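Everything in the sequence shown is counted per numbering that gives the first Met the number 0, starting at 0 for the first residue and increasing by one. Glycine included, C-beta positions come from ideal geometry on N, C-alpha and C. Note that the structure is a prediction, hence the values are computed from the model and not measured. Structure, as structure tokens:
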Amino acid sequence: MASEYGLVVATQKMALYVRLSHMQSAPLISELLKSGQKSFSFEFMPPKTEADEQQLWRAIRELEPLHPTFVSVTYGAGGSTRERTVNVTARIARETSLTPVGHLTAVNHSVAELRNVIGSYASAGVRNVIALRGDPPGDPNAAWVAHPQGFAHADELVRLVRSAGDFSVGVAAFPELHPRSPDEETDISYFVAKCRAGADFAITQMFFYIEDYLRLRDQVAARGCDIPIIPGIMPVTSVRIIERSIELSGCKVPPGLLESIRAADARGDKAAIREIGVAYSADLCERLLAEDAPGLHFCTLNWSRATREIYQLLGLGGPRAGQAPVLSGFTGTAPGQ
Ligand SMILES: Cc1cc2nc3c(=O)[nH]c(=O)nc-3n(C[C@H](O)[C@H](O)[C@H](O)COP(=O)(O)OP(=O)(O)OC[C@H]3O[C@@H](n4cnc5c(N)ncnc54)[C@H](O)[C@@H]3O)c2cc1C
0 MASEYGLVVA TQKMALYVRL SHMQSAPLIS ELLKSGQKSF SFEFMPPKTE
50 ADEQQLWRAI RELEPLHPTF VSVTYGAGGS TRERTVNVTA RIARETSLTP
100 VGHLTAVNHS VAELRNVIGS YASAGVRNVI ALRGDPPGDP NAAWVAHPQG
150 FAHADELVRL VRSAGDFSVG VAAFPELHPR SPDEETDISY FVAKCRAGAD
200 FAITQMFFYI EDYLRLRDQV AARGCDIPII PGIMPVTSVR IIERSIELSG
250 CKVPPGLLES IRAADARGDK AAIREIGVAY SADLCERLLA EDAPGLHFCT
300 LNWSRATREI YQLLGLGGPR AGQAPVLSGF TGTAPGQ
């Protein structure tokens, strides 16, 4: 009995040691960003099927040689996709040279469950978490109902993650305002509250008009909040991507871009759609970097090609993560502008 007890204690100590040594080895995004180098990152989604999983890992392996500053995996809306998020994020930590960031939402989670997920991330050596409130599952526009033992807003989750260990915490930002915010003033105040709660950096919702990003950044800075706000970039490679983006985030799409993509779609010209979408994103990225944006965060949808093409147009992809970008002098005119 005594030896059994000794074995349990030794196993627990070993587990704690493994957990702490993982925690100490992975870099913190806050520290990478403090170095002043630009951050280039890629976002993936948890796979739903075996085929999706293979596609995801193909994309990860194809993007790994670009040496991003970090990669992130979005948090699923329920049960098994959530486990897949944690598993994929853990596998990235274990099997690749990449620095993973785990997303986490407050949707349908009690505080105790949220603590467990944060513990799973820590055990896997994931030291960076994007803390989000999330949307109601099924219909993102339905009324938001907090879990009775959970959180109503992301600032509370930011505090929880910060209190749980040595994590770097990111939050969401909305250049066109969060769809539920009544006005800009309120939206910015709550964003600043997330920074005050302990957020180290932010990633924006996708957007097409640079003015929206610059206005958000300047207004946040005017409130004395100086965390890096990394623009989220969604390369448009199909009509479906644009329509889904409008549906989910209500983002404004430049009419010229929409028309040229729809016209190419009507001709069945997939290559033209890709060319238009990639050129548009590359131009937006170049202007953002010229405006001193702290980096770029690409939503890959688990595909690598559009991101690699944008990288090429921008002359990015140095041998080490976070290197100052060498722009190729790309001057492609944004279609539709
Ligand atoms: C970069 C990025 C990554 C994302 N990743 C995921 C993901 O992995 N999984 C997923 O399901 N969704 C994800 N989302 C979507 C996100 O969960 C939704 O947009 C959600 O509606 C808002 O989340 P939030 O963290 O900004 O919430 P919050 O910051 O809580 O804001 C939600 C609304 O409440 C208001 N608000 C904030 N704090 C308070 C307060 N204290 N009191 C009153 N009102 C307040 C805000 O102004 C806003 O209108 C992501 C979004 C972005 C931009």
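Got a sec? Which residues, its chain only, sit under 7 Å from isoleucine 28 by beta carbon, not counting five neighbours each side?
-> Around isoleucine 28: Phe69, Val100, Asn127, Ser167, Gly169, Asp199, Phe200.
What span of residues does the beta strand (DSSP E) with isoleucine 232 cover, start to end?
-> Where isoleucine 232 is concerned, the enclosing beta strand (DSSP E) starts and stops at 228 to 232.
Along the alpha helix (DSSP H) that carries glycine 118, what are the first and last residues, could you check?
-> Run containing glycine 118: 110 to 122, per the alpha helix (DSSP H) assignment.
Within 10 angstroms of the Cβ of glutamine 148, are there 16 or more other Cβ atoms? Answer buried if so, exposed if not.
-> Glutamine 148 is exposed by the Cβ-count criterion.
Would a C-beta distance cut-off of 7 Å place glycine 294 and leucine 65 closer than the cut-off?
-> No, Cβ-Cβ distance for glycine 294 and leucine 65 is not below 7 Å.
Taking the CB atoms as reference points, tell me whether leucine 176 and alanine 153 lie closer together than 7 Å.
-> Against a cut-off of 7 Å, the Cβ pair of alanine 153 and leucine 176 comes out as no contact.
Test item: CB-CB of isoleucine 228 and valine 235 under 7 Å = No, they are not a contact pair.
Close Cβ partners of serine 303 (< 7 Å) along its chain, the five nearest in sequence each way excluded = Taken in chain order, the residues that qualify are Ala58, Glu61, Leu62.
On the three-pair Cβ rule with 8 Å, is the stretch 217 to 224 touching the stretch 178 to 198?
-> Yes, the stretch 217 to 224 is in contact with the stretch 178 to 198.
By DSSP, does threonine 95 sit in helix, in strand, or in coil?
-> Of the three classes helix, strand and coil, the one that applies to threonine 95 here is coil, per DSSP.
Classify glycine 204 as helix, strand or coil using the three-state DSSP reduction.
-> Correcting the residue type first, residue 204 is glutamine in the shown sequence and not glycine. DSSP places glutamine 204 within a strand segment (E or B) once states are collapsed to three.
Hey, proline 67 and serine 40 are a contact pair by Cβ (cut 8 Å); roughly how many whole angstroms apart?
-> That pair is a contact at about 5 Å.
Segment limits, alpha helix (DSSP H) that includes valine 277 | Where valine 277 is concerned, the enclosing alpha helix (DSSP H) stretches over 269 to 289.
In this structure, what does DSSP give as the bridge partners for histidine 102?
-> In the DSSP assignment, histidine 102 forms a beta bridge with Ile129.
For phenylalanine 190, three-class secondary structure by DSSP | Reduced to three states, the DSSP call for phenylalanine 190 is helix.
Which residue comes first and which comes last in the beta strand (DSSP E) that contains leucine 295?
-> Leucine 295 -> beta strand (DSSP E) spans 294 to 298.
Report back the beta-carbon spacing between isoleucine 260 and cysteine 284 to the nearest angstrom; my notes put them in contact at under 8 Å.
-> With a contact defined as Cβ atoms closer than 8 Å, isoleucine 260 and cysteine 284 miss out at about 18 Å.
Candidates Thr88, Ala111, Leu247, Ala278: which alpha carbon is nearest aspartate 138's?
-> The residue with the shortest Cα to Cα distance from aspartate 138 is Leu247.
Local conformation of glycine 169 per DSSP, three classes = Assignment of glycine 169 by DSSP, reduced to helix, strand and coil, places it in the strand class.
Could you check if isoleucine 91 is buried or exposed, using at least 16 other CB atoms within 10 Å of its CB as the buried criterion?
-> Isoleucine 91 counts as buried, since at least 16 other C-beta atoms from the protein chains shown sit within 10 angstroms of its C-beta.
Can you find a heavy atom of ligand 1 that lies under 6 Å from the Cβ of histidine 177?
-> Yes, since a heavy atom of ligand 1 falls inside the 6 Å radius drawn around the Cβ of histidine 177.
Which of helix, strand or coil does DSSP assign to valine 72?
-> Three-state DSSP puts valine 72 in a strand.
To which residues of the same chain is serine 244 closer than 7 Å at the C-beta, ignoring the five residues directly before and after it?
-> For serine 244, where only same-chain residues beyond five positions count, the Cβ hits under 7 Å are Met205, Met233, Cys250.
In chain order, what residues of the same chain lie with their CB nearer than 6 Å to the CB of phenylalanine 150, ignoring the 5 residues before and after it?
-> Correct list, in chain order: Ala105, Leu156.
Can you check DSSP and say which residues form a bridge with serine 38?
-> Answer is Gly294.
Which partner residues does phenylalanine 338 have in the DSSP bridge list?
-> Nothing about residue 338 can be reported from this structure: the residues present for the chain run from 0 to 336 only.
Hey, out of Glu290, Thr306, Ala263, whose CA is closest to lysine 37's CA?
-> Per the Cα distances, Glu290.
Alpha-carbon to alpha-carbon, proline 230 and leucine 288 | The straight-line gap from Cα to Cα measures roughly 10 Å.
If you measure from the CB of serine 180, is any heavy atom of ligand 1 nearer than 6 Å?
-> Flag set: Cβ of serine 180 near ligand 1.
Going by other Cβ atoms of all chains shown within 10 Å of its Cβ, with 16 needed for buried, is valine 85 buried or exposed?
-> Buried: at least 16 other Cβ atoms inside 10 Å.
Look at proline 26 and threonine 98 and say whether their C-beta atoms are less than 7 Å apart.
-> The answer is yes: Cβ separation under 7 Å.
How big is the Cα-Cα spacing for leucine 32 and threonine 203?
-> Spanning the alpha carbons of leucine 32 and threonine 203 requires a straight line of approximately 16 Å.
For the alpha helix (DSSP H) that lysine 33 lies in, which residues bound it at each end?
-> Counting along the chain, the alpha helix (DSSP H) containing lysine 33 begins and ends at 28 to 33.
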